[in-house]
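Read through the structure below, which is laid out as structure tokens, and then see the notes.
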Amino acid sequence: MIIIKEFIVGADIGGTWIRVSLCTSDLKEENIITKVAQTPKDNEFSISNTVISLITQLLIENNIDKEQVLGIGLASAGPLDAETGEVFNNANLGFKEIPLKKPIQERFPGVPIYLINDGNASVLGVHYFEASDDEKDNLVYITVSTGIGGGVICNGHLLLGKDGNAAEIGHGIVNRQSNFQCNCGAYGCWEVYSSATGVKNLALDAIKTTKLSSKILMYMIDNDESKITAKEIFQAKRGGDKFSKSVIEQCIFYIKVGVGLVNNYYDCTSIYFGGAMMKDHDLILPPVIEQFNTDPVLFTINHPPKIKVTKFLDAIGVMGALTLVKYKLEGNPIIP
Ligand SMILES: [Zn+2]
Numbered sequence: 049m050i051i052i053k054e055f056i057v058g059a060d061i062g063g064t065w066i067r068v069s070l071c072t073s074d075l076k077e078e079n080i081i082t083k084v085a086q087t088p089k090d091n092e093f094s095i096s097n098t099v100i101s102l103i104t105q106l107l108i109e110n111n112i113d114k115e116q117v118l119g120i121g122l123a124s125a126g127p128l129d130a131e132t133g134e135v136f137n138n139a140n141l142g143f144k145e146i147p148l149k150k151p152i153q154e155r156f157p158g159v160p161i162y163l164i165n166d167g168n169a170s171v172l173g174v175h176y177f178e179a180s181d182d183e184k185d186n187l188v189y190i191t192v193s194t195g196i197g198g199g200v201i202c203n204g205h206l207l208l209g210k211d212g213n214a215a216e217i218g219h220g221i222v223n224r225q226s227n228f229q230c231n232c233g234a235y236g237c238w239e240v241y242s243s244a245t246g247v248k249n250l251a252l253d254a255i256k257t258t259k260l261s262s263k264i265l266m267y268m269i270d271n272d273e274s275k276i277t278a279k280e281i282f283q284a285k286r287g288g289d290k291f292s293k294s295v296i297e298q299c300i301f302y303i304k305v306g307v308g309l310v311n312n313y314y315d316c317t318s319i320y321f322g323g324a325m326m327k328d329h330d331l332i333l334p335p336v337i338e339q340f341n342t343d344p345v346l347f348t349i350n351h352p353p354k355i356k357v358t359k360f361l362d363a364i365g366v367m368g369a370l371t372l373v374k375y376k377l378e379g380n381p382i383i384p
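Using this note's numbering, read the sequence shown as starting at 49 and increasing by one per residue.
Right under this line is the structure:
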């Protein structure tokens, strides 16, 4: 038996949860151990403190010394500055500037720390753990959750951009005349229609004027519109609620628009979807797949991509953070 004495660490920092994983340096899926905590918003250092504490717990519980850690990968909701190691202007993390790399580096001196945005991390995770050989060189990951984010591998290279924020696909504007304002300040971004926040807002906007029956939805929320979230709307649709069905149809239409734009820009072989809203992928993706298999021309000029769901769901971000460390350490040409 070979005993591996070297480890890598990954962290995925989201608006609601922080996940930290430890794995042997061979990065075998069965060797990943994970801890999860709620994202604290007390002050700008509380996120890095939580990451440090989860890493420390994992090391202590598994009898591992700091010296055995080859590298730490940090995947965070962006936008971020890969140079300074800070997150800035994030609508969900609570502070204008959040230092991540520096405080963690102070606790783990000498250990290389790599920072990447969560969409870019996730596409690396799909690349290593899930994609088939023919998909790897032109691969896109799209997360549909509170917002919409993405990561793109094109011609075998991860696209990072000047600050590390390439592929902010959720803020592509899909409706110039829109009355819906996005968290970013613009109107009509893709994520104001197709994210979980978007589905909720579409419903709140339409419920006052709808002629479709929303009886099932209203029963589920005790007639209290403030209780509507995407989750209830998908549940109500499953129960036959006509209003919820029409809201989801709008969301799906804009997913087709978004997928078409992504395919026009990146000419990808496959798109993998993930994120919390993909718990309902059986209601969302079949019509999108059908559209791109049979009649893609209204949405994309390029050959259509294959459309899939990541089997790792919520874990793909932290798996991507681990992959980032592996690829950096081995000098993999996918990432500079
Ligand atoms: Zn936006």
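Backbone N, C-alpha and C define an ideal beta-carbon position, used for all residues, glycine too. Just so it is clear, the structure is predicted and the values come from calculations on it, not from any experiment.
| Simplified DSSP state of N147, which is helix, strand or coil | Asn is not the amino acid found at residue 147; the sequence shown has Pro there. Residue state, collapsed to three classes: strand.
| message | Rounded to the nearest angstrom, what separates S124 and Y162 at their Cα positions? | response | Using only the alpha carbons, I get a separation of about 11 Å.
| query | Do A1 and G58 have their C-beta atoms closer together than 7 Å? | reply | This structure leaves residue 1 out entirely; the chain is present only between 49 and 384.
| Do G199 and S170 come within 7 Å of each other at the CB atom, strictly closer than that value? | Yes.
| query | Taking the alpha-carbon positions, what's the N223 to G236 distance? | reply | Going by the C-alpha atoms only, they are around 5 Å apart.
| Residue ranges of each beta strand (DSSP E) run of no fewer than 3 residues wholly in the segment 181-207, ordered along the chain? | 187-192 and 196-202, all fully within the segment 181-207.
| task | Determine the closest residue to T371 out of L250, N186, V188 and S69, with distance taken between C-alpha atoms. | result | For T371, the nearest C-alpha among the options comes from S69.
| message | Just list the residues that DSSP pairs Q105 with in beta bridges. | response | In the DSSP output, where bridge partners are listed per residue, Q105 has none listed.
| said: Quick check: does the Cβ of H219 come within less than 6 Å of any heavy atom belonging to ligand 1? | reply: With a cut-off of 6 Å, the C-beta of H219 is classified as near ligand 1, since at least one heavy atom of the ligand falls inside that distance.
| message | So for V159, helix, strand or coil by DSSP? | response | V159 falls in the coil class under three-state DSSP.
| How about the segment 129-137 and the segment 103-110: do they share at least three Cβ pairs that are nearer than 8 Å? | The segment 129-137 is not in contact with the segment 103-110.
| query | Can you tell me the Cα-Cα spacing of D330 and K356, whole angstroms? | reply | Roughly 11 Å between the two C-alpha positions.
| said: Counting C-beta neighbours from all protein chains within 10 Å, is the total for N350 16 or more, i.e. buried, or is it exposed? | reply: Flag for N350 reads exposed.
| request: Following the continuous alpha helix (DSSP H) through V305, name the residue where it begins and the one where it ends. | output: Per DSSP, the unbroken alpha helix (DSSP H) holding V305 starts and ends at K290 to Y314.
| field | Alpha carbon of I104 to alpha carbon of N312, nearest angstrom | value | Looking at the sequence itself, residue 104 is Thr, so the reference to Ile does not match. So the two alpha carbons sit approximately 44 Å from each other.
| Pairing CB atoms from the segment 87-98 with CB atoms from the segment 170-181, are three or more of them under 8 Å? | Because the criterion of three Cβ pairs below 8 Å is not met, the segment 87-98 and the segment 170-181 do not touch.
| Roughly how many angstroms lie between the CA atoms of T194 and I217, to the nearest whole one? | Distance from the CA of T194 to the CA of I217, rounded to the nearest whole angstrom, comes to 14 Å.
| task | Can you say whether N165 is buried or exposed, counting buried as having 16 or more other CB atoms within 10 angstroms of its CB? | result | Answer is buried; the Cβ neighbour count reaches 16.
| said: According to DSSP, is N111 part of a helix, a strand, or is it coil? | reply: In this structure, N111 counts as coil in the three-state DSSP scheme.
| When burial is assigned at 16 or more other CB atoms within 10 Å of the CB, is E239 buried or exposed? | It counts as buried.
| message | Just to check my reading of the structure: F347 and V305 have Cβ atoms closer than 8 Å, yes? What is that Cβ distance to the nearest angstrom? | response | Going by Cβ atoms, the distance from F347 to V305 rounds to 6 Å, so yes, they are a contact pair.
| If you follow the beta strand (DSSP E) that D60 is part of, which residue opens it and which one closes it? | First-last of the beta strand (DSSP E) with D60: F55 to I61.
| said: Can you look up G119 in the DSSP assignment and give me helix, strand or coil? | reply: In this structure, G119 counts as strand in the three-state DSSP scheme.
| said: With the cut-off set at 7 Å, would you say T358 and G322 are in Cβ contact? | reply: The answer is yes: Cβ separation under 7 Å.
| Just checking my contact of K290 with S261 at CB under 8 Å: how many whole Å lie between their CB atoms? | Contact holds; Cβ gap of about 5 Å.
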